[in-house]
Amino acid sequence: MNSESMIELLNRFLEAELMAVEYYAIHADAITEPEIAEGVRAIIPAEESHAANLATRIKELGGVPVAAGGEASRKGREMGEESKRSGTLAMLKLELMQEQLAIKAYAEPVADIVDDMVTVEMLEEQLFDEMRHAKWLKQRIIALEKKAP
Ligand SMILES: [Fe+2]
Ligand SMILES: [Fe+2]
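By my numbering, the letter at position 67 of the sequence shown is numbered 774, and the numbering carries on one by one without gaps.
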């Protein structure tokens, strides 16, 4: 992969992380079950550090990272505000879907990149974080669905 397409790819990942920070924050405030809200809130620093790591790597590769507070953040807030009206289960399902997309998105370059181990190792760590987030969300979703009538 040439550095231009690498920068482009990392910026798409950065946009997704910036969106995640926004909808997780909105959901953490909206979820009424304290234990679930706390767990969702605990994910936010991980997504913030993913965004920071990606921005740093993009700069190291000579690119310009997309900025927080722009279009991606706006889209993330919109996702958060729209989904929060549908309740906790719907919020968790949206979060899980996004984590599943991130896992698949990170896995491909982890598999494919041959000549940039710095980027691969960063993406590996983020992939593992997203796998942990997805697992936690699946457990909460199953528990809530059992409780539902
Ligand atoms: Fe992330
Ligand atoms: Fe995540």
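C-beta atoms are modelled at their ideal positions from N, C-alpha and C, and glycine is treated no differently.
Residue i burial status per 10 Å Cβ neighbour count (16 or more: buried)
i: Glu806; result: buried
i: Ile750; result: buried
i: Ser712; result: exposed
i: Ile849; result: exposed
Ligand 2 heavy atom lying under 7 Å from the CB of residue i
i: Glu754; result: yes
i: His840; result: yes
i: Asp819; result: no
i: Ala809; result: yes
Straight-line Cα distance separating residue j from residue i
i: Met824; j: Ala855; result: 46 Å
i: Val771; j: Ala812; result: 21 Å
i: Leu721; j: Glu852; result: 32 Å
i: Asn760; j: His734; result: 24 Å
i: Tyr936; j: Gly777; result: Examination of residue 936 is not possible in this model, given that the chain is present from 708 through 856 alone.
i: Ala809; j: Glu837; result: 7 Å
Per-residue DSSP class, three states only, for residue i
i: Glu693; result: In the structure as shown, the chain begins at 708 and stops at 856. Residue 693 is therefore absent and cannot be evaluated.
i: Asp819; result: helix
i: Val701; result: Nothing can be reported for residue 701, as the shown portion of the chain is limited to 708 through 856.
i: Val728; result: helix
i: Leu768; result: coil
i: Asn709; result: coil
i: Ala814; result: helix
Closer than 7 Å: residue i CB and nearest ligand 1 heavy atom
i: His734; result: no
> Where are the alpha helix (DSSP H) runs, 4 residues long or more, that stay fully inside the segment 778-802, in chain order?
Replying inline: 778-791
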